[in-house]
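Please read the structure below before turning to the comments.
In structure tokens, the structure reads:
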């Protein structure tokens, strides 16, 4: 496929992919003037720092400096290359792309796109088997026995693996090694066989809809184990993935709350009953990765468990998430309202949905849940013993993350602990401070943030020139006599800024206005797009979005660059005009030649 055809594909997909809609399906956005704002997913954001700007079709984080267009958002959020992002957005928009030429395909090694494609092939195979008169009969019987409706089968895209060792192998598309890397087939003593056999298949999607893994439930009760899951791969990490999130994301945003249950069928049963904000963890406790995904969509997470013992374990494991990720975590148990062993069983009863909603509504916040258990266990041993137990719990919470909170947030939690325990606030504060000095949390430090662009400083003159041209691209036409003063690629230290300069200066040399949109359309590297957006944003902030101030800044920066090139005193060579003289000559030239000089400065220079 030619570069022109590839660019045409990108333009068609971009025009069909509204950035507010795409970003809004991953992050909860709220309107603010002409923009939308939300929590930035690219750093540890606790206040809405990311702006999505519809009329420019870009996003930009004012805290970490990450920005770009719809492609770079998808690339960075899902850690995929440009082609995979293009294919996802094309599929989302219903656009058919031109196939890649063989010379453009990766030479060796399984890419994330290869692994995703292997899962797509396997998913289509499992879906077809479910509808097969013979091979899907057992799976259909299990689905019917569990009361899963046809609508839910389609919504969650359930499938079936046949009762043979080579069903998928016979349908492979592409290299068998990719399927081995994806965990879809296995190899033992030189013999390859299907990883999933004679099972109901539950596809696991990422937030953008790709199938990235599978869960598989046995059909024959004699088979062990009851459930099998895909191994972790470059596109699938249990600690970051929630079952049903693709189906639940909109409802979670709408209700500002996510409910987490334990099993695939529990998630499906809740959606079938009308509770669309329910997701499931994949055999793990709530992790910081889960919380980071959810807090971009909502403010509150309810962990719904079958009984008190499971709820206590969940509370123990979730406490570090509560402190590290600034999301409200509540614990709810079915045993408080019913004797049903799980949501799936409860929802088969006549009043099941009402009881389930009551259980969720009666959930208590994580701290209250923990201290209620301590009071229940120690109250009969006397006030002194109870106070010691409560104080020790506070020390434990301090070790788990309370001592690392910012002072304001820590003060709010200490006040809450005072209300829950009756202990003096100063005693609680001292216990937290002492625990904080003892050492770090046993859960380890928070994951490091992504490297942030260096935006906490004023732009250099060379950077400001680039920023001005990105914001007001016709400026170069108004100063055609001074183009030799424009910075070169070598004027910048950071590689991504050098690449922006290459794009901007290349467009100017070709006689094209180097607007931000044109640069973003030309560029597929997220880090370069982010640098371009950051330069434009910093320039607009500095000039208060005023085109006249941008023009003034552009001239001032050219003057600085001219002075720098002639030494500190700005001494000019014999016969060379000063910058002010050159700018004045440009103004006079424009007045004499009028609009024609603006539209074609190169012709104006030759006339002069």
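In the numbering used here, the protein residues as written are 32 to 639. Beta carbons: idealized from backbone N, C-alpha and C, even for Gly.
Residues near residue i in its chain [Cβ-Cβ closer than 7 Å; skip 5 each side]
i           : result
residue 113 : 102, 106 and 555
residue 574 : 580, 581 and 584
residue 184 : 174
residue 459 : 425, 445, 448 and 449
residue 21  : A question about residue 21 goes unanswered here, because the residues of the chain that appear run from 32 up to 639.
residue 226 : 214, 215, 216 and 217
residue 308 : 279, 282, 283, 286, 288, 289 and 290
residue 529 : 520 and 523
residue 262 : 214
For residue i: DSSP bridge partner residues
i           : result
residue 81  : 69 and 92
residue 258 : 248
residue 214 : Residue 214 pairs with nothing; no bridge assigned.
residue 310 : 291
residue 264 : 267
residue 235 : 244
residue 361 : 333 and 396
residue 230 : 192 and 249
residue 453 : Residue 453 pairs with nothing; no bridge assigned.
Three-state secondary structure (DSSP) of residue i
i           : result
residue 584 : helix
residue 324 : helix
residue 58  : coil
residue 394 : coil
residue 194 : coil
residue 333 : strand
residue 542 : coil
residue 289 : strand
residue 526 : helix
residue 219 : strand
residue 316 : coil
residue 271 : helix
residue 537 : helix
residue 402 : helix
residue 569 : helix
residue 137 : Because residue 137 sits at a pLDDT of 47, beneath the cut-off of 50, its placement in the model cannot be relied upon, and the point is left open.
residue 442 : helix
residue 160 : helix
residue 173 : helix
residue 75  : coil
residue 18  : Outside the shown range of the chain (32 to 639) lies residue 18, about which nothing can therefore be said.
residue 40  : helix
residue 63  : strand
residue 50  : helix
residue 225 : strand
Minimum Cβ-Cβ distance from residue i to chain C less than 9 Å
i           : result
residue 237 : Looking for chain C here will not work: only one protein chain is present.
Beta-carbon proximity of residue i to residue j, cut-off 9 Å
i           : j           : result
residue 463 : residue 419 : no
residue 244 : residue 260 : yes
residue 331 : residue 359 : yes
residue 397 : residue 325 : no
residue 153 : residue 242 : yes
residue 536 : residue 517 : yes
residue 534 : residue 526 : no
residue 301 : residue 378 : yes
residue 306 : residue 56  : no
residue 548 : residue 88  : yes
residue 190 : residue 146 : no
residue 124 : residue 47  : yes
residue 494 : residue 566 : yes
residue 496 : residue 588 : yes
residue 392 : residue 380 : no
residue 118 : residue 158 : no
residue 65  : residue 85  : yes
residue 236 : residue 271 : no
residue 209 : residue 128 : no
Neighbourhood of residue i by C-beta distance below 8 Å, restricted to the same chain and skipping five residues each side
i           : result
residue 42  : 552
residue 696 : The structure shown does not extend to residue 696, since the chain is modelled only from 32 to 639, so the question has no answer here.
residue 257 : 248 and 249
residue 294 : 311, 373 and 375
6 Å CB neighbourhood of residue i in its chain, flanking five on each side removed
i           : result
residue 144 : 115
residue 269 : 313 and 315
residue 193 : 160 and 166
residue 560 : 99, 103, 551 and 554
residue 67  : 51, 60 and 83
residue 276 : 238 and 310
(message) I want to know whether the stretch 215-225 touches the stretch 168-187 - three or more CB-CB distances under 8 Å.
(response) no
(message) Using 8 Å as the cut-off, can you tell me whether the stretch 275-287 makes contact with the stretch 160-170, which would need three or more C-beta pairs spanning the two stretches below that distance?
(response) no
(message) Quick check: the stretch 367-385 against the stretch 429-442, are at least 3 beta-carbon pairs closer than 8 Å?
(response) no
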